[in-house]
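These notes concern the structure reproduced below.
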Amino acid sequence: MTVSATGAHETVSGTRFSDLTRMPDVRGHFGPYGGRFVSETLSYALEDLEKTYLSLRDDPAFQAEFDHDLAHYVGRPSPLYHAERWSRALGGAQIWLKREDLNHTGAHKVNNTIGQALLAKKTGKPRVIAETGAGQHGVATATVAARLGLTCDVYMGAEDVQRQKLNVYRMRLLGARVIPVESGTRTLKDAMNEALRDWVTNVDTTFYIIGTVAGPHPYPQLVRDFNAVVGREARRQSLEQIGRLPDALIACVGGGSNAIGLFYPFVEDDAVAMYGVEAGGDGVETGRHAAPLSSNAPRGVLHGNRTYLMSDDAGQVSDTHSISAGLDYPGVGPEHALWKDVGRVNYVAANDKEVLEAFRELTQMEGIMPALESAHALAHAKVLAPTMRSDQHIVVNLSGRGDKDIMTVARIDGIEF
Amino acid sequence: MNRIDQRFSELKQQGRKALIPYITAGDPAPQYTVGFMHALVDAGADIIELGVPFSDPMADGPVIQKACERALKKGTRLVDLLDMVAEFRQADTTTPVVLMGYLNPIERIGYEAFADRAAEVGVDGVLVVDMPPEEADEFGPLLKVRNLASIFLIAPTTSHARAATICAHGEGYLYYVSLKGVTGAATLNASDVAEHLAPLRDMTDLPLCVGFGIRDGVTAAEVAKVADGVIVGSALVNRIAEHAETPEIIAGQLNSVLAEMRTAMDA
Numbered sequence: 216m217t218v219s220a221t222g223a224h225e226t227v228s229g230t231r232f233s234d235l236t237r238m239p240d241v242r243g244h245f246g247p248y249g250g251r252f253v254s255e256t257l258s259y260a261l262e263d264l265e266k267t268y269l270s271l272r273d274d275p276a277f278q279a280e281f282d283h284d285l286a287h288y289v290g291r292p293s294p295l296y297h298a299e300r301w302s303r304a305l306g307g308a309q310i311w312l313k314r315e316d317l318n319h320t321g322a323h324k325v326n327n328t329i330g331q332a333l334l335a336k337k338t339g340k341p342r343v344i345a346e347t348g349a350g351q352h353g354v355a356t357a358t359v360a361a362r363l364g365l366t367c368d369v370y371m372g373a374e375d376v377q378r379q380k381l382n383v384y385r386m387r388l389l390g391a392r393v394i395p396v397e398s399g400t401r402t403l404k405d406a407m408n409e410a411l412r413d414w415v416t417n418v419d420t421t422f423y424i425i426g427t428v429a430g431p432h433p434y435p436q437l438v439r440d441f442n443a444v445v446g447r448e449a450r451r452q453s454l455e456q457i458g459r460l461p462d463a464l465i466a467c468v469g470g471g472s473n474a475i476g477l478f479y480p481f482v483e484d485d486a487v488a489m490y491g492v493e494a495g496g497d498g499v500e501t502g503r504h505a506a507p508l509s510s511n512a513p514r515g516v517l518h519g520n521r522t523y524l525m526s527d528d529a530g531q532v533s534d535t536h537s538i539s540a541g542l543d544y545p546g547v548g549p550e551h552a553l554w555k556d557v558g559r560v561n562y563v564a565a566n567d568k569e570v571l572e573a574f575r576e577l578t579q580m581e582g583i584m585p586a587l588e589s590a591h592a593l594a595h596a597k598v599l600a601p602t603m604r605s606d607q608h609i610v611v612n613l614s615g616r617g618d619k620d621i622m623t624v625a626r627i628d629g630i631e632f
Numbered sequence: 016m017n018r019i020d021q022r023f024s025e026l027k028q029q030g031r032k033a034l035i036p037y038i039t040a041g042d043p044a045p046q047y048t049v050g051f052m053h054a055l056v057d058a059g060a061d062i063i064e065l066g067v068p069f070s071d072p073m074a075d076g077p078v079i080q081k082a083c084e085r086a087l088k089k090g091t092r093l094v095d096l097l098d099m100v101a102e103f104r105q106a107d108t109t110t111p112v113v114l115m116g117y118l119n120p121i122e123r124i125g126y127e128a129f130a131d132r133a134a135e136v137g138v139d140g141v142l143v144v145d146m147p148p149e150e151a152d153e154f155g156p157l158l159k160v161r162n163l164a165s166i167f168l169i170a171p172t173t174s175h176a177r178a179a180t181i182c183a184h185g186e187g188y189l190y191y192v193s194l195k196g197v198t199g200a201a202t203l204n205a206s207d208v209a210e211h212l213a214p215l216r217d218m219t220d221l222p223l224c225v226g227f228g229i230r231d232g233v234t235a236a237e238v239a240k241v242a243d244g245v246i247v248g249s250a251l252v253n254r255i256a257e258h259a260e261t262p263e264i265i266a267g268q269l270n271s272v273l274a275e276m277r278t279a280m281d282a
């Protein structure tokens, strides 16, 4: 494997990499993906949100408030840490970790919830809702809701409530109500269905804080914009600490918010290769995974956008499988779908076994316990780094910390508390 | 002339309002659906909305969600549903049939292949819940050239500008969603509905049909006073759910729910 730029600057579809920073178009399309495929009952709410966002996005006062909260509440900038011991052990490129795990609440998710909570505040709505998989977005939403005095209801698949008990209790301590969702596959996609149903019913009083770069326009755009602080910092820190841009970026991809956040500010840097790592579950070849891009799933429409979507021949959305609740989603953000098609990002998968190995390795060699989601990115770093020279550099988004996953790993080790 | 337009013009001459039942195809099992359709026609249905079951029915409440789950558990696919319409048409060539569902099953078949088959089996209209007119650039014309009506939703929250767009693209009838929320939610307020329908009358000659919240003869009759048609879904699907274990009595149950509405509306 090489880490040269991913290919020609102009692709078959005619999209230049430099065009990629100007997506989406006014109707929320990223090339053939994205859009606003929603019931008419939601159109008003989305138009309203779009108007609010567009009016505030370039408002210096809003930006200043966002930056202030990121600095003093979240603790940004997060460090770019050189994992020297692990790099030596892998025997190749130098690995740098973008430490989103050190943010308040322990993951990148809070960047977006801070931003959306500010929007909610501007709209004057007293209640926020969210969907959550691993619970990180739910915790980040409950956190900002507590701070702003907003009522907060979090929808979570009943299956995920079981496997992420610690985060469920954290949300409750923060004053949120966690509503287990029993429909469908009882995971993240069903939580999102239920949150959309709630929103459509309570739109006058409720702001829906979506946690990933999926959903109907303008969510993929605004969630990206709020998370792009990760990539902007990483770019600046690379120039300061490495002395140049890195050769490669790696991030895990479920819906894809942490990957978009890291990648987006580097999109025009053709020499920086990018790898999005999906949840390979039992292995992509087994069909039991959550990797729509790397398995080349058909295109489809779910949750308001067109994207790569795991579904059966009849168009019913497939069950997904992953050790990590946060990546257990059959679709993926529409901007990632476009980036795959134009060849800007390489999408690969790491299976559960490789992920656990990476989880243990980083914990034991660097004293940093990653979230199982982030361990997908680390698993690919283990593959990529040895193919590169020691004067080359990889930035891995360590998108969250692993405390929430201790029970899951313990269960695999046969330990019950 | 499309069967839907034909039906509304007949109703207008008779001074009657359309009664439009919805059931989810394949619920509780695929072999019963065509029989249910005939039973609904016998009870006074003017148009039938046949729901395409989907794994993620985001705009539906628990009643229709569970109907989808029952139908999918029995393996109901969109291609089967099109076969059901073909079978229905062998005995009924006049009652319009509208398919209502979500986009992804149609995307998997392909827009053109779906439109071909739908026209061939005798479908008259298509309502894709998660495809507003802005996203229908490609699909809409494929339906139109086959004389299949694109039917759209209008909500209480729809802005004037959007309503104009929807009226410009809509065919067959407009489906006015009487409540904020999902299907099967609380009961509606007929005078509130009338207030929302008035401005739409200035924008379009399409029949205005009202759904969400119609549970019995009383609500059906109230809505029929202000609208051109009454759409009833969850009240019927509830009966299917109650008797899912004894499917042989469901047709009779559907008939009695709908007949009560028909009588009340025509009184």
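Protein chains in written order, with this note's numbering: chain E, 216 to 632; chain H, 16 to 282.
Heads up, the beta-carbon is just placed ideally off N, CA and C, and yes, glycines get one too.
query, result
"By the 9 Å beta-carbon criterion, what residues does the segment 503-516 of chain E contribute toward chain H?", "P513, R514, G515 and V516"
"Could you name the residues of chain E that H/R177 contacts, counting a contact when the two beta carbons are closer than 9 Å?", "E255, S258, Y259 and E262"
"What does the alpha-carbon distance come out to for the pair H/A259 and E/L305?", "60 Å"
"Just to confirm the assignment: which complete alpha helix (DSSP H) runs, minimum length 4, are found wholly within the segment 409-455 of chain E?", "434-442"
"Using the Cα positions of H/I255 and H/A86, report the straight-line distance between them to the nearest angstrom.", "11 Å"
"I'd like to know whether the C-beta of E/L269 is nearer than 7 Å to at least one C-beta of chain H.", "no"
"Using a Cβ-Cβ cut-off of less than 8 Å, list which residues of the segment 149-174 of chain H approach chain E; keep chain order.", "E149, E150, F167, L168, I169, A170, T172, T173 and S174"
"For H/M16, which three-state DSSP category applies?", "coil"
"Would you check if the distance between the CB atom of E/A552 and the CB atom of E/T522 is smaller than 7 Å?", "yes"
"Would you call the CB atoms of H/A54 and H/L251 closer than 7 Å?", "no"
"Who does E/T366 pair with in a DSSP beta bridge?", "E/R342"
"What did DSSP end up calling H/P287 once you bin it into helix, strand or coil?", "Here chain H has residues from 16 to 282 only, and residue 287 of chain H is not among them."
"Would you call the segment 586-601 of chain E and the segment 517-534 of chain E touching, i.e. three or more CB-CB distances under 8 Å?", "no"
"Should H/G66 and H/M146 be called a contact, given that it needs their Cβ atoms to be closer than 7 Å?", "no"
"Would you mind giving the Cβ-Cβ distance between E/H608 and E/W301, rounded to the nearest angstrom? I have them listed as a contact below 8 Å.", "Wrong, their Cβ atoms sit about 13 Å apart, outside the cutoff."
"Taking contact to mean at least 3 C-beta pairs separated by less than 8 Å, is the segment 250-262 of chain E in contact with the segment 308-325 of chain E?", "no"
"Apart from the five residues on each side of it in sequence, which residues of its chain come closer than 6 Å, Cβ to Cβ, to H/I19?", "P111, D139, G140, A164 and G187"
"What's the gap between the Cα of E/P395 and the Cα of E/A349?", "13 Å"
"Shorter than 7 Å from the beta carbon of H/Q80 to some beta carbon of chain E?", "yes"
"DSSP state of H/V160, grouped into three classes?", "coil"
"Just the Cα atoms here: how many angstroms apart are H/L157 and H/R123?", "16 Å"
"Run down chain E in chain order and give the residues with a C-beta less than 7 Å from the C-beta of H/D11.", "Any question about residue 11 of chain H goes unanswered here, given that chain H covers just 16 to 282."
"Spell out the partners DSSP gives E/M371 in its beta bridges.", "E/T347 and E/P395"
"Which first and last residues belong to the beta strand (DSSP E) in which E/Q278 is found?", "E/Q278 -> not in any beta strand (DSSP E); alpha helix (DSSP H) instead, spanning P275 to D284."
"Please list, in chain order, the residues of the segment 346-369 of chain E that have any C-beta partner in chain H closer than 9 Å.", "none"
"Kindly say whether E/F574, judged by its beta-carbon, lies nearer than 7 Å to any beta-carbon of chain H.", "no"
"Please tell me whether E/G243 has its Cβ less than 7 Å away from any Cβ of chain H.", "no"
"H/L87 versus chain E: which residues are under 8 Å apart at the beta carbon?", "Q531"
"Less than 7 Å between CB atoms is the rule here; does H/A256 satisfy it with respect to chain E?", "no"
"Since H/V245 and H/C224 are thought to touch, with beta carbons under 8 Å apart, how far apart are those beta carbons, to the nearest angstrom?", "7 Å"
"Measuring only between beta-carbons, confirm whether H/L96 sits less than 7 Å from chain E.", "no"
"Taking Cβ to Cβ, would you say E/H536 is nearer than 7 Å to E/G430?", "no"
"Quick check on DSSP: helix, strand or coil for E/H224?", "No answer about E/H224 holds up, because its pLDDT of 38 lies below 50 and its placement is not dependable."
"Assuming E/H352 and E/G426 make a contact with CB atoms under 8 Å, what is their CB distance in whole Å?", "3 Å"
"Please report how far the alpha carbon of E/K266 lies from the alpha carbon of H/G90, in whole angstroms.", "42 Å"
"In three-state DSSP terms, what is H/F227?", "coil"
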